[in-house]
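Report on one structure; see the data block that follows.
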């Protein structure tokens with residue numbers, strides 16, 4: 002059984018650029034969530050994808066967007082990067098049984114450390 | 013925004029001592045979970061307690077939940093140097109949000125030899 006893997010582990014971008022972060026879900030999981038963790042803070046929910054559609058979104062602007070693919074892997078895209086976007090980005094996958102809304106096996110990846118200069 | 017606060021923000025103890033961390037939250041919940049994070053890396057799920065439960069144990073971990081006070085505590089008994097990490101509580105609300113986790117601000121635990 003594989004865990005959740007994220008790539009890259011570290012990334013440095015310039016203000017105004019665009020970035021794509023990637024996440025491979027744990028085998029058997031069908032839901033992926035993304036979180037942003039600023040230094041010294043708890044993670045904050047960005048959005049969640051289920052069956053390739055956004056299924057819940059936190060208080061983040063539209064320049065944060067995502068995709069979930071048929072193999073349940075996912076991407077987080079951030080456009081027009083700002084200095085405050087510097088953070089650890091965490092991906093988490095889980096299994097939601099149809100019709101229940103209950104998540105099983107919430108598993109986090111090791112994160113991507115994004116630095117915007 | 014964060015769901016609530018964790019107390020203390022930092023805790024330093026000797027190996028073998030017990031460590032207690034508290035978490036307060038603001039809204040009604042379906043369940044509350046505790047996570048551990050080493051050196052700003054990924055989060056490791058420790059334990060989940062449902063809103064109709066009051067206490068739960070897992071190995072050296074004991075979690076309590078008081079929904080009337082909207083608070084929870086995590087007790088780590090007989091701490092080890094390897095327990096040094098940041099600990100976060102996270103809640104899942106009753107409705108909507110796609111079962112998102114709302115995290116607290118975390119407690120940094122340092123266990124010294």
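Protein chains in written order, with the numbering used here: chain A, 2 to 118; chain B, 13 to 125.
By construction, the Cβ of each residue, glycine as well, lies at the ideal position given by its N, Cα and C atoms.
| query | result |
| --- | --- |
| Three-state class that DSSP yields for residue 93 of chain B in the structure shown | helix |
| Residues within the region 43-58 of chain B neighbouring chain A, beta-carbon criterion of under 9 Å | 45, 47, 49, 52, 53, 54, 55, 56, 57 |
| Contact check, residue 95 of chain A vs residue 32 of chain A, beta carbons under 8 Å | yes |
| Same chain, Cβ closer than 7 Å to residue 64 of chain A, neighbours up to 5 away in sequence not counted | 79, 80, 81 |
| Chain B residues whose Cβ lies nearer than 9 Å to that of residue 111 of chain A | 53, 54 |
| Strand pairing of residue 86 of chain A, partner residues [DSSP] | DSSP, once it has assigned bridges, lists no residue as partnering residue 86 of chain A. |
| C-beta neighbour in chain A for residue 111 of chain B, strict 8 Å | yes |
| Backbone CA spacing between residue 10 of chain A and residue 25 of chain A [nearest angstrom] | 13 Å |
| Every unbroken beta strand (DSSP E) within the region 27-74 of chain B, with a cutoff of 3 residues, ordered by chain | 31-36, 41-49, 55-62, 67-70 |
| Chain A contact for residue 32 of chain B (CB, 8 Å cutoff) | no |
| Span of the beta strand (DSSP E) around residue 124 of chain B | 119-124 |
| Extent of the continuous beta strand (DSSP E) to which residue 114 of chain A belongs | 113-117 |
| Residue 86 of chain A classed as buried or exposed, judged by whether at least 16 other C-beta atoms fall within 10 angstroms | buried |
| Cutoff 8 Å: residue 49 of chain A Cβ touching any chain B Cβ | yes |
| Residue burial classification, residue 30 of chain A (beta-carbon count within 10 angstroms, cutoff 16) | buried |
| Interface flag, residue 8 of chain A vs chain B, CB-CB below 8 Å | no |
| Burial state of residue 119 of chain A, where buried means 16 or more other Cβ atoms lie within 10 Å | No answer is possible for residue 119 of chain A: it lies beyond the span of chain A, which begins at 2 and ends at 118. |
| Three-state class that DSSP yields for residue 111 of chain B in the structure shown | helix |
| Residue 18 of chain B classed as buried or exposed, judged by whether at least 16 other C-beta atoms fall within 10 angstroms | buried |
| Beta bridge counterpart(s) of residue 38 of chain A as assigned by DSSP | A:89 |
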